[in-house]
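Residue numbers (the working numbering): 115 to 270.
Accompanying notes for the structure given below.
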């Protein structure tokens, strides 16, 4: 598939429609949840805005969706305005019908970061993996905190 979308609004609208369609096709239930990987940054903001609109209009529900975010800053409290916890709640989670226990974001203040990453990966595996993962590529080519030149074998 090849397509060119020339502005952020169109990218966000297209992505929101794609995500909504994938969740609806999956038809998640309490027993069979849809697992969604989410990005942060400026690119997904329009997508989140449209998904909020779809949720409020009854087009899509997030009650049986489990999310995993791709990154978080080490050392920041979840309430810090630069943390991705804050970003996600402010820009998305506080505006949709998702269950709090279905939201997963790495703990930037974990006492043991390796154990936190292991716990995160184990939870993803327990759910059977991620059904749809949305990523964003930074202007320098980074994906999450994986900078250009990072090993393809990098883990959480």
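All C-beta atoms in this analysis are idealised placements derived from N, C-alpha and C, irrespective of residue type, glycine included.
Bear in mind the structure is a predicted one, so any value in this text is a computation, not a measurement.
Only residues of its own chain outside the window of five on either side were considered, and among them 162 have a CB closer than 6 Å to the CB of residue 206, listed in chain order.
Counting C-beta pairs closer than 8 Å gives fewer than three between the region 222-237 and the region 158-177, which falls short of the contact rule. Per DSSP, the beta bridge partners of residue 217 are 181. Taking 8 Å as the cut-off, the beta carbon of residue 213 is found no closer than this to the beta carbon of residue 198.
Between residue 238 and residue 227, the alpha-carbon positions lie close to 17 Å from each other. Collapsing the DSSP output to three states places residue 126 in a helix. For residue 168, the enclosing alpha helix (DSSP H) begins and ends at 159-170.
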